[in-house]
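Participant: Protein sequence lines correspond, in order, to chains A and B.
Mapping of the first sequence onto the working numbering: residues 1399 to 1765, in sequence order.
Mapping of the second sequence onto the working numbering: residues 1399 to 1765, in sequence order.
Can you read through this structure? Questions will come right after.
2 protein chains.
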Amino acid sequence: MAEGYLQGPVLVIGTGLLGTSAALGLRSAGLEVGLRDASPTAQRIAVDMGAGFVAPRGTDFAPALVVVATPPDVTPGIVAEALAEFPEAVVIDLASVKGSVIDVLKANDDVAEADLARYVGCHPMAGREKSGPAAARGALFTASPWVVVPHEGSTSHAVKTAKSVGLDLGASITVMDAKTHDAAVALVSHFPQIASSLLASRLLNASASSLALAGNGLRDTTRIAASDPKLWIQILAHNATELIPILEGLQSDLDRLLATLRDPFASGAALDLAELMTEGNQGQARIPGKHGAPPQSFATVSVIVNDEPGQVAQLLTDMGEAGINMEDLRMEHSAGYEVGLVEIQVLPGRRDELVSVLTGLDWKVVQ
Amino acid sequence: MAEGYLQGPVLVIGTGLLGTSAALGLRSAGLEVGLRDASPTAQRIAVDMGAGFVAPRGTDFAPALVVVATPPDVTPGIVAEALAEFPEAVVIDLASVKGSVIDVLKANDDVAEADLARYVGCHPMAGREKSGPAAARGALFTASPWVVVPHEGSTSHAVKTAKSVGLDLGASITVMDAKTHDAAVALVSHFPQIASSLLASRLLNASASSLALAGNGLRDTTRIAASDPKLWIQILAHNATELIPILEGLQSDLDRLLATLRDPFASGAALDLAELMTEGNQGQARIPGKHGAPPQSFATVSVIVNDEPGQVAQLLTDMGEAGINMEDLRMEHSAGYEVGLVEIQVLPGRRDELVSVLTGLDWKVVQ
């Protein structure tokens, strides 16, 4: 029996990564889950993974909730169909852009206002670099934001249900209107994706000897450039309105930077470059850290380790035995080396103690 | 007694992060090291850290090598002075841009060709987000590229000495000419810095609720935006010639993207967006991985851990006891949560074994 507000049953339409993960998670939470996908293969994989049973049209399955987890471009149409097929059900979708879904639904004459009241948008801020049902996992949404995006006509029952799904999946609930949501994800998710892709695409013609000099700076800035093009094409197209002003800001900063670099020792040039760098410093410092802590509120201790099994484990064991919690860990290494640096983040008040414990145990702590 | 080609003594001019780190490392390698800095405070800190003794002008200290580790804008002048003051010594500098140093030296009528033959540029691809002598550490260069940049007149003795310093510091030696070096670092180091700073600077006016939705994508792409403006102003100005064509390429990609997003459902728009994304995929895939391995050549296993001392240590211990080496580790967490995902990278052939070992020990492996 489910513990939350939502008591099920649930129909998940679209058994890709998000839909199958939600189905697995909701089943773990004790809910009955039916599945549907336009691709028989994707549907079969989801069933084989234990995500639920096949629930085709025309059966007497009557879900309390329909989760539409289809590609963004077909989402509004499938939401409309679900509202018509299940006149008692709440319908949510999981698309990454919310304004375009509700706009298309409102413009659809076949969707009555009373039916639209049962619809609430949702956006789970979770994903993987892989896609498809085989990559799904019930814990995908654990510890991630689950943004609930009601429209002005959404009923309180529909909103409560949309929140309850997120809670059942272990996510943390945030409520926003569609415009605020789309502007926020344009800035913190879609714009970094574009920047990373634009940056990485410049590497296409780089020589191998140039790339051999790459360090963690390049690796970090380009990691998300590996994301799935098919999904992102739709996200970028549907959130174009919010992205354009951000990209125009970038364009104007870039034009100014290029003008400065064309005469880099002119009067005022150093000040221009300083402004670019310090604005970057200040913007970066605004990103919240782990557990909502202010960024850079942890102290770093760096230790040299050999590339042997058990080295990092032993290091963390020694740390755990001293009762010091690790807040974060990064491994730094360049291509071609057998030793590396492990950077451990701890509460600032525990830093000196950790250094003394590790040094006493003959770890090579670098200060 | 030092083991390498260089038998010292060494004079380090400039006791900031790089100079003091080099001095500490060379002392560990058994070399005698003298120190000089225009700032008496920086010089005193370096001495207190055990980096060497103060070696002012006018004493009879006769170094075999002078390491110029000053800010880039004063480097050519100090190299010229060192060549004049120590007529037998090899002189190297550690500036991040090499073409501008040798160009200024060649244009300096006070530097004879015979003296310039004793100069070789070097660029250690290492650094920290902190600066100054107090952040120095002898192991800073361990496992990092040390690029040796001879000019056409450099003697073989000078080149051998420049390589020997890198080897003494535990770095890995690469030889390039100045133009090749400057083009390579423009692409793999300076351009990512600019992209990260431009991206982060867009966050200056973001609302706190937008920033609360930030995930690892934004954190990774903006991490290096926290770098020191003072140093980077000089690097960008001195490598402007190599940066301009790269930034013009970005500008043209960005103009095209903006045109596409202004009419995102026009014929051809989806193809344009697909090209941006797939070129990003392909560029990212070219970056070499750890130990020079091809990128993405490791398999990932994800495990849910609680935020308690010793959890990750226990996980890695269990892994070590199974004899499976960890190639890399990432911690994923969003603001405000007490649980997180640990992503462990292992050789693909060991993945299934690791999953079975960890599952057998009741770890929550997510697949």
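For every residue, glycine included, the Cβ atom is placed at its ideal position computed from N, Cα and C.
Small disclaimer: the values here were computed from a predicted structure and weren't measured.
Let me know if A/H1555 comes out buried or exposed under the rule of 16 or more other beta-carbons within 10 Å of its beta-carbon.
Facilitator: So A/H1555 ends up on the exposed side.
Participant: Which whole-angstrom value describes the C-beta separation of B/D1566 and B/G1423, a residue pair presumed to lie in contact below a C-beta threshold of 8 Å?
Facilitator: With 8 Å as the limit, B/D1566 and B/G1423 qualify as a contact, their Cβ atoms being about 7 Å apart.
Participant: In chain order, what residues of the same chain lie with their CB nearer than 6 Å to the CB of A/T1540, ignoring the 5 residues before and after it?
Facilitator: Correct list, in chain order: G1568.
Participant: Less than 9 Å between CB atoms is the rule here; does B/T1757 satisfy it with respect to chain A?
Facilitator: It does not: the Cβ of B/T1757 has no partner Cβ on chain A nearer than 9 Å.
Participant: What's the C-alpha gap between B/S1599 and B/S1605?
Facilitator: Between B/S1599 and B/S1605, the C-alpha separation is close to 14 Å.
Participant: Shorter than 9 Å from the beta carbon of A/I1571 to some beta carbon of chain B?
Facilitator: With 9 Å as the cut-off, A/I1571 does not count as an interface residue toward chain B.
Participant: How long is the line joining the alpha carbons of A/A1733 and A/T1620, rounded to whole angstroms?
Facilitator: Caution is warranted here: a pLDDT of 45 is assigned to A/A1733, below 50, making its placement in the model unreliable, and no coordinate value can be reported.
Participant: What residues match up with B/Q1591 in a beta bridge as DSSP calls it?
Facilitator: Paired residue(s): none; B/Q1591 is not in a bridge.
Participant: Counting C-beta neighbours from all protein chains within 10 Å, is the total for B/K1577 16 or more, i.e. buried, or is it exposed?
Facilitator: Exposed, because fewer than 16 other Cβ atoms sit within 10 Å of the Cβ of B/K1577.
Participant: Counting Cβ pairs closer than 8 Å, one from the region 1544-1551 of chain A and one from the region 1518-1531 of chain A, do we hit at least three?
Facilitator: Counting Cβ pairs under 8 Å, three or more are found: they touch.
Participant: Between the Cα of B/V1495 and those of B/P1474, B/L1756, B/I1702 and B/V1445, spot the shortest distance and give me the residue it belongs to.
Facilitator: The option with the nearest alpha carbon to B/V1495 is B/P1474.
Participant: Could you tell me the boundaries of the beta strand (DSSP E) in which A/G1519 lies?
Facilitator: Start and end: Y1517 to P1522.
Participant: Who are the near neighbours of B/G1497 in its chain, counting only those whose CB is closer than 7 Å to its CB and skipping five residues on each side?
Facilitator: Within the same chain, B/G1497 has close Cβ partners A1576, K1577 and D1580.
Participant: Looking at the structure shown, is B/T1658 part of a helix, part of a strand, or coil, going by DSSP?
Facilitator: Reduced to three states, the DSSP call for B/T1658 is helix.
Participant: Let's test the definition: count the other Cβ atoms within 10 Å of the Cβ of B/R1617 and tell me whether it reaches 16, buried, or not, exposed.
Facilitator: Looking at its Cβ environment, which holds 16 or more other Cβ atoms inside 10 Å, B/R1617 is buried.
Participant: Return the residues of the region 1642-1653 of chain B that lie within a Cβ-Cβ distance of less than 9 Å from chain A, sorted by chain order.
Facilitator: Cβ contacts with chain A come from I1642, I1644, L1645, E1646, G1647, L1648, Q1649, D1651, L1652 and D1653.
Participant: If you reduce the DSSP assignment to three classes, tell me which class A/N1704 lands in.
Facilitator: DSSP places A/N1704 in strand when its eight states are reduced to three.
Participant: Let me know if A/R1434 comes out buried or exposed under the rule of 16 or more other beta-carbons within 10 Å of its beta-carbon.
Facilitator: It counts as buried.
Participant: Is the distance from the Cβ of A/M1447 to the Cβ of A/A1524 below 9 Å?
Facilitator: In this structure, A/A1524 does not lie closer than 9 Å to A/M1447 by Cβ.
Participant: Residues in the same chain with beta-carbon distance under 6 Å from A/T1468, minus the five sequence neighbours each way, listed in chain order, please.
Facilitator: The residues are G1412 and I1476.
Participant: Mind listing, in chain order, the continuous alpha helix (DSSP H) runs of no fewer than 4 residues lying wholly within the region 1501-1579 of chain B?
Facilitator: Here the runs fully enclosed are 1511-1514 and 1554-1566.
Participant: With a threshold of 9 Å between beta carbons, is A/P1627 in contact with chain B?
Facilitator: Closer than 9 Å to some Cβ of chain B, the Cβ of A/P1627 qualifies, so yes.
Participant: Just verifying my parser: in three-state terms, what is the DSSP assignment at B/R1617?
Facilitator: Reduced to three states, the DSSP call for B/R1617 is helix.
Participant: In this structure, does DSSP put A/M1729 in helix, strand or coil?
Facilitator: DSSP places A/M1729 in strand when its eight states are reduced to three.
Participant: Expressed to the nearest angstrom, what Euclidean distance is found between the alpha-carbon atoms of B/K1561 and B/V1464?
Facilitator: For B/K1561 and B/V1464, the distance between alpha carbons rounds to 14 Å.
Participant: Grouping DSSP H, G and I as helix and E and B as strand, with all else coil, what is B/V1495?
Facilitator: Looking at B/V1495 - three-state DSSP - the assignment turns out to be coil, as it is neither helix nor strand.
Participant: Measuring only the C-alpha atoms, how far is A/V1431 from A/A1444?
Facilitator: If I take the Cα positions, the gap works out to 11 Å.
Participant: Between which two residues does the beta strand (DSSP E) carrying B/L1409 extend?
Facilitator: Segment V1408 to I1411, the beta strand (DSSP E) holding B/L1409.
Participant: Evaluate contact between the region 1644-1659 of chain B and the region 1642-1649 of chain A, counting only Cβ atoms and requiring at least three cross-stretch pairs below 8 Å.
Facilitator: Flag = yes, the region 1644-1659 of chain B and the region 1642-1649 of chain A touch.
Participant: Is the Cβ of A/L1752 closer than 9 Å to any Cβ of chain B?
Facilitator: A/L1752 does not count as touching chain B.
Participant: Check whether chain B comes within 9 Å of A/A1610, counting only Cβ atoms and requiring the distance to be less than that.
Facilitator: For A/A1610, the answer is yes, since a Cβ of chain B falls inside 9 Å of its Cβ.
Participant: Grab me the residues of B/L1756's own chain with a C-beta within less than 6 Å of its C-beta, minus the 5 sequence neighbours each way, in chain order.
Facilitator: Correct list, in chain order: V1763.
Participant: Using the three-state DSSP reduction, which class does A/A1672 fall into: helix, strand or coil?
Facilitator: Correct three-state label for A/A1672: helix.
Participant: Are the Cβ atoms of A/D1507 and A/A1482 separated by less than 9 Å?
Facilitator: Taking 9 Å as the Cβ cut-off, A/D1507 and A/A1482 do not qualify as a contacting pair.
Participant: For B/Q1441, which of helix, strand or coil comes out of DSSP?
Facilitator: The answer is helix: DSSP assigns B/Q1441 an H, G or I state.
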